[in-house]
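> Residue 1 is where the sequence shown starts when you use UniProt numbering, and the numbers rise one by one after that.
Here a beta-carbon is modelled for each residue, glycine too, at the ideal position from N, C-alpha and C.
One structure coming up, written as structure tokens, with questions to follow.
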Amino acid sequence: MKWRILNIKGRKADDLQKRLVDAHSSIHHIELIEKVRLEVRQLHELDIKRAVAGSSMRVSLDIPESVGLLTPSPAPSSSRLVDLDTGRRGKRKI
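Laid out in structure tokens, this is it:
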């Protein structure tokens, strides 16, 4: 019984391996690989152009500090933590 299960698994593995080889050799697969290689090459060239452009491309206009503008510092967070209702604290009705 055990050898039969191993035999079936072996045949399935062989079948899957054959399908994989067939898929890799299909023209559609080869065309997809070439298309992706071209896209990667173009993205790589774009990255190189950005790197060569220098620091002027690295300015983020969403962050004022990146263009040299000073922003006011936020109020201390402890002022928001003050309990406004301290008079009632400690007084319990019996």
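Just the C-alpha distance for Asp47 and Asp14, rounded to the nearest angstrom, thanks.
43 Å
> Considering just the uninterrupted stretch of the alpha helix (DSSP H) at Ser26, what are its terminal residues?
No alpha helix (DSSP H) contains Ser26, which DSSP labels as neither H nor E.
> Could you confirm whether any beta carbon from chain C is found closer than 8 Å to the beta carbon of Ile8?
Considering every chain present, this structure includes no chain C. It has just one protein chain.
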